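Going by the working numbering, the sequence shown opens with residue 227, and the numbers climb by one from there. Quick notes on the structure that follows.
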Amino acid sequence: MMIKENLKKPLTLSEIISPKTRIRMAVAWLVVLVFILFGSSLTSNMSSVTAFFLFAVLLGTIILSAFGVVKEADELAQKLGEPYGTLILTLSIVAIEVILIAAVMLGPGENPTIGKDSIFSVMMIIMNLVIGLCILTGALKFGEQEYNAAGTMSYLGMIIMLGGIGLLLPNFIEGAGEGMFSNTQAVALSAFIMVLYGSFLYLQMKGYRHLYIQPKTGYMEIPFAERNSAVPDSSVLPEENNNKKELWIRSLVLMAMILPIVLLSHNMAVVVDFGIKAMNLPPLLGGVLIAIIVFTPESMTAVKAALNNEFQRTINLCHGAFVSTVGLTVPAVLIIGLITGKTVLFGLTATEMILFCITLLLSLMTFLGKRTSPVIGIMHLVLFAVFILLVFNP
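Here you go:
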């Protein structure tokens, strides 16, 4: 009787791909078709009104697709468990960011700082706005929340390493001059970052998965000796007869939702570049916009996790997103620059360096093995407000 109760009827295709998902894909691909056929004529000789309309359509479609990506990645997360699930979601989102940055770099204008602007904006949004909201909303509901301290410290160590190499180092080397890496430095540092990031992912998925799983109530860690009992066996999937089919279908749907973002990214870059120049807005706003577009769905997932008292999942999403952003974006942008001959500048400005250092110090104080506190959440939110102020009034 127990065996019969545990066996569930395989999901049908219509149950896996919900009506909302089908509508989302249909709308996204319809907009893609329109821009494939008429994109060049629509974006040439734009007026301000036309640019605003195109921006609204493209932004809505990209966000619609991004929510679709997050939905499917979240479903895969529940099937595969931590940290695989969060990793799929994070890598999907960061892949979208890299695509948008590449589109802006390869667009008609020169945007040498778009990679740096996007990474820095992601840092301020994810590590201050989203983390601050998660800490504050979680505290309002639960008082204080627990997380896996060792895993969280490993994220912060990666952020210090990758952020320091990618964003601070260029300001203090000779390189190619004016904050640029030389070709040799660009190749070598891209390789170093990819090796470091690859090693981190390998250890996170293999021998040290227990560092990224929510510990039991009253504890801030899962001891190494107890790792096997804390981590489920990933080689045994529930409902094995139909689970693999569902995983494949959801993976294909996820790719079908990412592709519209890829195909529309160039048009979005052209419209955004036009708008920033026409309205005389700060150039950093392009990077902020990319960060907001890409990470809004994941940010909502992180807040939801905090409200479900799954604060380690919140950390996996937020800190993992920024580690992946630097680990993938810096090598990708440097390689694109080398191949296309585009100028790439990664060094932060003096103001950005101060905000970068304050964010790192505040994050260390936030997660040094202590439970969350609402006043810390408010500190992160105020720091984000300072960042927005300085974007428009430097």
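Using N, Cα and C, we set each Cβ at its ideal position, and we do this for glycine too. If you're wondering where the values come from, they're calculated on a predicted model, not measured in any experiment.
In DSSP terms, what residue i is bridged to
i    : result
G403 : M406
Inter-residue CB distance, residue i and residue j (contact presumed, cutoff 8 Å)
i    : j    : result
T269 : L280 : 7 Å
F593 : T378 : 5 Å
S416 : I561 : 6 Å
I322 : V295 : 7 Å
N469 : K305 : 7 Å
Y438 : Q538 : 7 Å
A292 : I475 : Not quite, the Cβ-Cβ distance comes to about 20 Å (not below 8 Å), so this is no contact.
E372 : P441 : 7 Å
M483 : E241 : Not a contact, Cβ separation roughly 18 Å.
L574 : L393 : 5 Å
L284 : A303 : No, L284 and A303 are not in contact; Cβ-Cβ is about 28 Å, not under 8 Å.
G364 : T598 : 6 Å
I345 : G553 : 10 Å between Cβ atoms; not a contact.
I243 : V479 : 6 Å
F572 : V549 : That belief does not hold up - the Cβ atoms of F572 and V549 are roughly 17 Å apart, past 8 Å.
Minimum Cβ-Cβ distance from residue i to chain C less than 8 Å
i    : result
R250 : Note that chain C does not occur in the displayed structure, where there is just one protein chain.
Collapsed DSSP secondary structure at residue i in the structure displayed
i    : result
M605 : helix
L478 : helix
N354 : helix
G573 : coil
P441 : coil
G553 : helix
S244 : coil
N232 : Residue placement at N232 is poorly supported in this model, since its pLDDT is 47, which falls under 50; the coordinates are not used for a value here.
M591 : helix
E370 : coil
P396 : helix
A507 : Before going on, a small fix: residue 507 reads as Leu here, not Ala. It is coil, neither helix nor strand.
M251 : helix
G341 : helix
Y428 : helix
P464 : Residue confidence for P464 is low, a pLDDT of 48 falling below 50, so the modelled location carries little weight; the figure read from the coordinates is stated next. The answer is coil: DSSP assigns P464 none of H, G, I, E or B.
N619 : coil
M227 : Its pLDDT being 44, under 50, M227 is placed unreliably in this model, and the coordinates cannot settle the point.
K568 : coil
E452 : helix
T238 : coil
G364 : helix
M579 : helix
Y434 : coil
M331 : helix
M446 : coil
E336 : coil
Extent of the continuous alpha helix (DSSP H) to which residue i belongs
i    : result
Q304 : S274 to L306
N534 : Premise fails: N534 is in no alpha helix (DSSP H) and is neither H nor E.
S270 : S270 -> no alpha helix (DSSP H), and no H or E assigned at all.
S599 : It is not in any alpha helix (DSSP H) - S599 carries neither H nor E in the DSSP assignment.
L388 : A375 to G389
Assess, as a yes-or-no matter, whether the stretch 570-581 is touched by the stretch 341-349 under the definition of 3 or more beta carbon pairs within less than 8 Å.
-> yes
Could you tell me whether the stretch 285-299 touches the stretch 513-524, using the rule of 3 or more Cβ pairs below 8 Å?
-> yes
Do the stretch 604-620 and the stretch 377-396 make contact, defined as three or more Cβ pairs closer than 8 Å?
-> With a cut-off of 8 Å, the stretch 377-396 and the stretch 604-620 do not count as touching, because too few Cβ pairs lie within range.
May I ask you to verify whether the stretch 356-366 touches the stretch 419-430, counting CB pairs closer than 8 Å and requiring at least 3?
-> no
Count the CB pairs spanning the stretch 507-518 and the stretch 537-550 that are closer than 8 Å, and state whether there are at least three.
-> Contact between the stretch 507-518 and the stretch 537-550 is absent, because fewer than three Cβ pairs lie under 8 Å.
Cβ contact (3+ pairs, closer than 8 Å) linking the stretch 480-499 and the stretch 247-258 = yes
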